[in-house]
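> The numbering used here numbers the first residue of the sequence shown as 21 and each following residue consecutively.
Structure in structure tokens, see below.
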Amino acid sequence: MGCESVPHGAMGGRIDPYKTTDHDRASRNAHIVTLLEACDVTAERLSLALCDITDIRDAQSKVVLELGDIYNKTNTDSTDFELIQRRLRGRLWENPSVKNTFLIVESRQRMDAEKGRVGDAAGTTARYDPALTYVLQGDFFEAVRGDRRQYYFEFKLTNIQSRKIVFLKSFDLAQLRQSR
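This is the structure:
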């Protein structure tokens, strides 16, 4: 081979995250592009819906937003959904109206562990009024029929104290696995 150049695209490298690849088409998992699009739409819809959520709009102070559990009943690895959940929080963080409305916090468990790790084992990290605390949860389901995958994704914002769901955005998606 010596000095022959490698054909364009054969070396790998970066791609547009919104580009569906042959690997996506052949995968038995939810397509990354679909997850990214669901995240983007949810962030936009939640940002727009804030002024219409009475419990949040009428609060006397900022309300607390924390990431909740991911309920994954798909064959797609949970880390794919964790990636999307963190990306969603990042998108919300970038929105000034969301930051004016919410105090966005890291999970209690994670921060208590960090506090202990750095040598301050006394006490716990801050706790917030449950009536003003909302958790952003994700539920993901899949039905399989041969090479067809039917997905249902649901993101919801739920008050910790009342358990009232104040925002919900769902997605139905069908994918057909492409044979290689």
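Cβ coordinates follow ideal geometry from the N, Cα and C atoms, glycine included.
Would the segment 157-175 and the segment 93-109 be scored as touching if the rule is three or more Cβ pairs under 8 Å?
They touch, by the three-pair rule.
> Would you say R65 touches the ligand ZN, meaning its beta carbon is less than 7 Å from a heavy atom?
This structure lacks the ligand ZN, and indeed carries no ligand of any kind.
> Using beta-carbon positions only, say whether V83 and V125 come within less than 8 Å of one another.
Looking up residue 83 in the sequence shown gives position 63. Looking up residue 125 in the sequence shown gives position 105. Contact flag unset, no.
> Let me make sure I understand the geometry here. Which of N120, E102, K39 and G139 has the alpha-carbon closest to that of G88?
Taking the first residue of the sequence shown as 1, we reach residue 88 at position 68. Considering only alpha carbons, the answer is E102.
> Mapping the DSSP letters down to three states, classify E98 as helix, strand or coil.
Residue mapping note: residue 98 aligns to position 78 of the sequence shown, counting from 1. A small fix is needed here, since residue 98 is Ser in this sequence, not Glu. Three-state result, S98: helix.
> Taking the CB atoms as reference points, tell me whether L152 and S81 lie closer together than 8 Å.
As a position in the sequence shown, residue 152 is number 132, starting the count at 1. As a position in the sequence shown, residue 81 is number 61, starting the count at 1. In contact: L152 and S81 (Cβ atoms closer than 8 Å).
> Whole alpha helix (DSSP H) runs in the segment 49-124 with 4 or more residues, listed along the chain?
Qualifying alpha helix (DSSP H) stretches, in chain order: 52-69, 74-77, 98-113 and 116-121.
> Comparing alpha-carbon positions, which option in Q170, L156, A146 and R168 lies nearest I185?
Along the sequence shown, one-based indexing puts residue 185 at 165. Among Q170, L156, A146 and R168, the Cα nearest to that of I185 belongs to L156.
> Between the segment 173-187 and the segment 72-81, do three or more beta carbon pairs fall short of 8 Å?
Segments in contact, yes.
> Applying the 10 Å Cβ sphere with the 16-neighbour rule, what's the burial state of H51?
On the sequence shown, position 31 is the one that residue 51 refers to. Classification of H51: buried, given that the 10 Å Cβ count is 16 or more.
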